[in-house]
Amino acid sequence: MILRFGPFELDEAGRALTHAQREVALQPRVFDLLVYLTRNRDRVVTKEELLDTLWPDVTVTDNSLQRAVSMLRGVLRKGGMGGAIRNMPGRGYRFCIDSVSQPQVAAPETTDEQAPDLLARAQSAAAEQAWDEAAALFEAADAVQPLDGADLHLWALALQCTGKADAALPLLARAVAAHTRAGNVPPAIVDAVTLSGLYFERGQAAMAKGWLARAEDWASEIEDPATTALTLWMKSKVAAFDGEPEQALSLADAAYTAVRHKGAVGIEALSLAYRGFYRLCLGDTRAGLADQDLAAAMALSSGDIDPIVGGILYCNILWAARMFGDWARADQWTLGYQKYCTESGMELTGSCQLHRSEVLGVRGSLGEALSRIQDSLARLTGDAPWAIGDANRVLGDVQAAIGNDDAALEAYEKAYALGWCPEPGRAMLLLERGEAEAAYTSLERSLIGKTWWTLQRRGMLFAHLALAAAHTGRHEQALELIEELSGSPDRWPMPSIRALTNEAQAVLADLRDDYDSALRHLHLARQLWSSIDGRVQAVRLRLRIAKLQLAHDDVRGASAEIHAAQLVAGELGSRKFEAACAALRREIDTRAPGRAA
Numbered sequence: 003m004i005l006r007f008g009p010f011e012l013d014e015a016g017r018a019l020t021h022a023q024r025e026v027a028l029q030p031r032v033f034d035l036l037v038y039l040t041r042n043r044d045r046v047v048t049k050e051e052l053l054d055t056l057w058p059d060v061t062v063t064d065n066s067l068q069r070a071v072s073m074l075r076g077v078l079r080k081g082g083m084g085g086a087i088r089n090m091p092g093r094g095y096r097f098c099i100d101s102v103s104q105p106q107v108a109a110p111e112t113t114d115e116q117a118p119d120l121l122a123r124a125q126s127a128a129a130e131q132a133w134d135e136a137a138a139l140f141e142a143a144d145a146v147q148p149l150d151g152a153d154l155h156l157w158a159l160a161l162q163c164t165g166k167a168d169a170a171l172p173l174l175a176r177a178v179a180a181h182t183r184a185g186n187v188p189p190a191i192v193d194a195v196t197l198s199g200l201y202f203e204r205g206q207a208a209m210a211k212g213w214l215a216r217a218e219d220w221a222s223e224i225e226d227p228a229t230t231a232l233t234l235w236m237k238s239k240v241a242a243f244d245g246e247p248e249q250a251l252s253l254a255d256a257a258y259t260a261v262r263h264k265g266a267v268g269i270e271a272l273s274l275a276y277r278g279f280y281r282l283c284l285g286d287t288r289a290g291l292a293d294q295d296l297a298a299a300m301a302l303s304s305g306d307i308d309p310i311v312g313g314i315l316y317c318n319i320l321w322a323a324r325m326f327g328d329w330a331r332a333d334q335w336t337l338g339y340q341k342y343c344t345e346s347g348m349e350l351t352g353s354c355q356l357h358r359s360e361v362l363g364v365r366g367s368l369g370e371a372l373s374r375i376q377d378s379l380a381r382l383t384g385d386a387p388w389a390i391g392d393a394n395r396v397l398g399d400v401q402a403a404i405g406n407d408d409a410a411l412e413a414y415e416k417a418y419a420l421g422w423c424p425e426p427g428r429a430m431l432l433l434e435r436g437e438a439e440a441a442y443t444s445l446e447r448s449l450i451g452k453t454w455w456t457l458q459r460r461g462m463l464f465a466h467l468a469l470a471a472a473h474t475g476r477h478e479q480a481l482e483l484i485e486e487l488s489g490s491p492d493r494w495p496m497p498s499i500r501a502l503t504n505e506a507q508a509v510l511a512d513l514r515d516d517y518d519s520a521l522r523h524l525h526l527a528r529q530l531w532s533s534i535d536g537r538v539q540a541v542r543l544r545l546r547i548a549k550l551q552l553a554h555d556d557v558r559g560a561s562a563e564i565h566a567a568q569l570v571a572g573e574l575g576s577r578k579f580e581a582a583c584a585a586l587r588r589e590i591d592t593r594a595p596g597r598a599a
């Protein structure tokens, strides 16, 4: 069967898609996705149905489907039909040839009388969160008659929700101009702050600060709590980026105070979430977590937050969980954000892929983590180039866990070259390779300064430094660090930090030949990692426990740990851990069963 739509021709039997009489290269599953959607173009196809059809007998996540849809949209976009695949929030996807092709083809010849109908359809599509269709219809309506500020804002929102933030920039600038001409100052402030945020994400600080200054100037002339708070919130982000966490906290607190209980739930939740983040950075952990939990509850219960504000809120809370090693919390928020994107009809951003890949690198499948981080690197170039260094840091962690040491070191070096700290992953890899002094030096260097990156990871860096100090014979420093971290449960309550301090205590106990204490601390460390499903670290510690038990002739105990490690190592897809298990098995085979510890 051959189906023609727009400039495309789909030859199902010949497994070929042509555009302007030239064949388009498609990955097999992407081609199968196109075929299935076109066959069923008279209805909405659920995501579950597509997953079962395209990946039979294989367990994959929604992300695999979203990647395939994104790739297919990219191909169709070349023929002006990027909106043919409609995301129906909470339901699935539908292939809509007529609804997309009509405005795109007819727009140049559309009469002024038809413009109101196009605009009404565009507004309706935006209200239904059918973002691709809304963007196409707004474009068609704008070609007939320039849109006003409110509709330009909606058009820009639709583009942001479909991952085209770059295309939204000129529309937001037009929206600001239209609002000011009409004397609508509050929406002009909102769009100016949005522009500031988008430029900030792209690393264009001068442009970001310029738009923020305009917003602040306008906000000073009116009495409007929501826009005042929005401007203060954006100023807090800039202060944090400039290495002024105390000022950032003060600004976020002022933003929350300005808008609290004033009917602007989105900015109230946003200000509260960021206040929590800055509190976390400054060591007020319990208060920071309480702020973020309350912000999330407010957002989830309101039902009146636009997808971009909701995305920023989720992303901030998730980022904090990642940076502080709170992996159970990070996993919950990652899944929550993915669900939010799906229900809002949004494309997953490169930053979201980055967050999820790091969580998977600790808790889940290393193969999937590697796939996600590579997808993230491709997307971040457009939507958040400042985070490419962080993505390379995460790539290094994943490669190290798999056992690709050279690739891991290359990724860490690239992260550092891009101005991003590759620790503590690089230091842990150096420790494994017997380069304890280099690991210690790297960690010590990473704690220099008061950048937001250093502050938010201070507890994790201190805990790893304690471990490196123990390995390098710096016993007094290791004990001081352990005391500081263990003696401040309100500041460092995370299981990951407690696990690392227990491991450092195990190293010190082993050096003084206190086998029982060393074994107890290693078991505690492993249990703490297991409590947050940190499977990579749990396997690593099981292998350390097994080596210690073998050194003291506890073959039976070592066998149990190796067996448990081997099961998880296979699920993770870690060649390094599987090889370590095999090496310990061979050592056991040369021994007779020993006593139980």
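Going by the numbering used here, the sequence shown opens with residue 3, and the numbers climb by one from there.
No residue lacks a Cβ here, since even glycine has one placed at the ideal position from N, Cα and C.
DSSP-derived helix/strand/coil call for I404
helix
Could you tell me whether the region 353–362 touches the region 389–404, using the rule of 3 or more Cβ pairs below 8 angstroms?
yes
One question on the structure: do L174 and A128 come within less than 8 angstroms of each other, judged by their Cβ atoms?
no
Should the region 205–218 be called in touch with the region 183–196, which here means at least 3 C-beta pairs below 8 angstroms?
Yes, since at least three Cβ pairs between the region 205–218 and the region 183–196 fall closer than 8 angstroms, the two stretches touch.
Just the C-alpha distance for F243 and A179, rounded to the nearest angstrom, thanks.
28 angstroms
What whole-angstrom Cβ distance do A417 and G436 have, given they're in contact under 8 angstroms?
Not a contact, Cβ separation roughly 23 angstroms.
In terms of alpha-carbon separation, which member of G265, C98, R428 lies closest to E415?
Distances from the alpha-carbon of E415 to those of G265, C98, R428 put R428 closest.
N-terminal and C-terminal residue of the beta strand (DSSP E) that D13 is part of
10–13
Inter-residue Cα distance where the pair is G151 and D286:
If you take the alpha carbons of G151 and D286, they lie about 42 angstroms apart.
Could you tell me which residues DSSP puts in a beta bridge with L473?
Looking at the sequence itself, residue 473 is His, so the reference to Leu does not match. According to DSSP, H473 bridges with nothing at all.
Taking the C-alpha atoms as reference points, what is the distance between H263 and E246?
28 angstroms
Terminal residues of the continuous alpha helix (DSSP H) containing R216?
207–221
8 angstroms contact criterion, which L274 and A297 should meet: CB distance rounded:
4 angstroms
Across which residues does DSSP place M90 in a beta bridge pair?
Bridge partners of M90 according to DSSP: G94.
Given R45 as reference, the closest of F7, I99, A18, G82 once Cα atoms are compared
I99
From Y442 to A540, what does the alpha carbon distance come to, in whole angstroms?
22 angstroms
Compute the Euclidean distance between the alpha carbons of A527 and V240, then round it to the nearest angstrom.
38 angstroms
Could you tell me which residues DSSP puts in a beta bridge with H645?
Beyond the ends of the chain as shown, which are 3 and 599, falls residue 645; an answer cannot be given.
Provide the residue(s) that pair with I484 in DSSP beta bridges, ordered along the chain.
For I484, which the question treats as bridged, DSSP gives no partner whatsoever.
For S222, is the classification buried or exposed, using 16 other Cβ atoms within 10 angstroms of its Cβ as the cut-off for buried?
exposed
Considering only the beta carbon of each residue, do G76 and A138 sit closer than 8 angstroms?
no
Local Cβ density within 10 Å of I87, reported as buried at 16 or more and exposed below that:
buried
Out of P227, N406, C163, A169, which one is the CA nearest neighbour of V187?
P227
Could you give the C-beta distance for L574 and S373, rounded to a whole number, given that I count them as a contact under 8 angstroms?
Going by Cβ atoms, the distance from L574 to S373 rounds to 14 angstroms, so no, they are not a contact pair.
Just the C-alpha distance for S448 and T456, rounded to the nearest angstrom, thanks.
7 angstroms
Would you report the Cα separation of P148 and G352, rounded to the nearest angstrom?
Going from the Cα of P148 to the Cα of G352 covers about 32 angstroms.
Rounded Cβ spacing between A169 and L161 (contact assumed at less than 8 angstroms)
5 angstroms
Suppose the cutoff is 8 angstroms on Cβ atoms and the five residues either side in sequence are ignored; what does the same chain contact list for G405 look like?
Cβ within range, chain order: S576, R577, K578, F579, A581.
Nearest to A289 by CA position, among D492, G461, V570, N394, is which residue?
When only C-alpha atoms are compared, the closest one is D492.
Measuring only the C-alpha atoms, how far is V146 from L197?
26 angstroms
Give the straight-line distance between the Cα atoms of S519 and V261, rounded to the nearest whole angstrom.
53 angstroms
Short of 7 angstroms in beta carbon distance, which residues of its chain neighbour A2, apart from the five on each side in sequence? Order them along the chain.
In the structure displayed, the chain extends from 3 to 599; residue 2 sits before or after that span and is not available.
DSSP-derived helix/strand/coil call for L52
DSSP places L52 in the helix class (H, G or I) of the three-state scheme.
I'd like to check one pair, M83 with Q29: are the Cβ atoms closer than 8 angstroms?
no
Smallest Cα separation from A438: which of W494, T233, V509?
V509
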